[in-house]
Amino acid sequence: MAEIVALSDAVAALVRDGDTVALEGFTHLIPHAAGHEIIRQGRRGLTLVRMTPDIVYDQLIGAGCARKLIFSWGGNPGVGSLHRFREAVQKGWPEPLEIEEHSHAGMANRYVAGASGLPFAVLRGYAGTDLARHTGTIADITCPFTGEKLAAVPALNPDVSIIHAQRADRRGNVQMWGLVGVQKEAVLAARHSLVTVEEIVDELEPVPGQVVLPSWAVTYVAEAPRGAHPSYAQGYYERDNDYYRQWDSISRDREAFQRWVEELTATTAAGTEA
1329 MAEIVALSDA
1339 VAALVRDGDT
1349 VALEGFTHLI
1359 PHAAGHEIIR
1369 QGRRGLTLVR
1379 MTPDIVYDQL
1389 IGAGCARKLI
1399 FSWGGNPGVG
1409 SLHRFREAVQ
1419 KGWPEPLEIE
1429 EHSHAGMANR
1439 YVAGASGLPF
1449 AVLRGYAGTD
1459 LARHTGTIAD
1469 ITCPFTGEKL
1479 AAVPALNPDV
1489 SIIHAQRADR
1499 RGNVQMWGLV
1509 GVQKEAVLAA
1519 RHSLVTVEEI
1529 VDELEPVPGQ
1539 VVLPSWAVTY
1549 VAEAPRGAHP
1559 SYAQGYYERD
1569 NDYYRQWDSI
1579 SRDREAFQRW
1589 VEELTATTAA
1599 GTEA
């Protein structure tokens, strides 16, 4: 059953140097507070997994937390490039970054396979692209029934999956709604999981379109109000578009970025975010 703990304690208990860590959320409910706590705790050598790495992964990469990124798209949505990501790949600063690139469908199917206890997933995909030539985790496979040529990708089973949601009850059941991506699959595929939530309540009132993760599927729950900022949490706050624009100038300059890291690490998980 899920245990309710402080965010700093959850990260300290779950995330180890060298782990494979997924922080999932699609535009909405992105677990920024948890990502910032990983930076504060100085984790190193992580393999970061995410379908759409945006600025929280730029921050983790620039802070030297990552050695590899497994992903399907990366950018500052609505603004442009991830400059810390770009510099890590092109110039090896602050650490060289290995990349493993897939399509969205390939990543989603990898999570589904991991959540289903299967060794790989099969899909119609990658045709007409050169991803298979550059990514060793894409293989051709022939359907034994029809002879059709398909693509196979290995299951994703992160050491830790981290997501953000709107609510949890005091028993550790988690409720989210609105625009959701592969959060459920990422949690079910992982060996351990952390869910940060806007609030902990006595009872989960039903919401249209909700996804409920039962307590037995989650390792830790941590209350983190505004834990998705600058992304949004439906029913709680809107997307902070100014932050995304400001991040472009911060991330372009090493000294400006390092000042941002210093300010972040001077706060606590319960304090004001940088």
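Going by my numbering, the first residue of the sequence shown is number 1329, and it counts up by one from there. For each residue, glycine too, the CB sits at the ideal point set by N, CA and C.
Every beta strand (DSSP E) stretch that sits fully inside the region 1391–1460 and reaches 3 residues is listed by chain position as 1394–1399, 1426–1429 and 1448–1451. Taking a cut-off of 8 Å for Cβ pairs, the region 1503–1522 and the region 1544–1560 touch, as three or more such pairs fall below it. In this structure, the straight-line span from the alpha carbon of residue 1407 to that of residue 1417 is close to 20 Å.
DSSP, read as helix, strand or coil, puts residue 1339 in helix.
Between residue 1431 and residue 1347, the alpha-carbon positions lie close to 23 Å from each other. Judged by DSSP secondary structure, residue 1576 falls within the alpha helix (DSSP H) whose first and last residues are 1569–1580. One Cα belongs to residue 1563, the other to residue 1555, and the distance between them is close to 14 Å. DSSP places residue 1484 in the coil class of the three-state scheme, outside both helix and strand. Spanning the alpha carbons of residue 1452 and residue 1518 requires a straight line of approximately 25 Å.
In this chain, the alpha helix (DSSP H) harbouring residue 1367 covers 1360–1368. Here the region 1499–1509 lies against the region 1351–1368, with 3 or more beta-carbon pairs under 8 Å apart. With respect to the 8 Å criterion, residue 1428 and residue 1398 are classified as neighbours on the basis of their beta carbons. Here the C-alpha atom of residue 1390 lies approximately 47 Å from the C-alpha atom of residue 1474. The beta strand (DSSP E) runs of length 3 or more contained entirely in the region 1498–1550 are, from start to end of the chain, 1502–1504, 1520–1529 and 1539–1541.
Here residue 1540 is not near residue 1515, since their CB atoms are 8 Å or more apart. Partner residues in the beta bridge of residue 1331, as assigned by DSSP, are 1548.
In the DSSP assignment, residue 1596 falls outside any beta strand (DSSP E) and carries neither an H nor an E. Per DSSP, residue 1469 is one residue of the beta strand (DSSP E) stretching across 1467–1470. Shown here for residue 1553: same chain residues with a beta carbon closer than 8 Å to its own, the five before and five after excluded, namely 1526 and 1527 in chain order.
Residue 1350: member of the beta strand (DSSP E) spanning 1348–1351, first to last residue.
Between residue 1572 and residue 1405, the gap from beta carbon to beta carbon is short of 8 Å. When the beta-carbon positions are compared, residue 1448 and residue 1493 stay at least 8 Å from each other. Scanning its chain for C-beta atoms nearer than 6 Å, with the 5 sequence neighbours on each side dropped, one finds around residue 1535 the residues 1505, in chain order. Here residue 1491 is bridged, per DSSP, to 1523.
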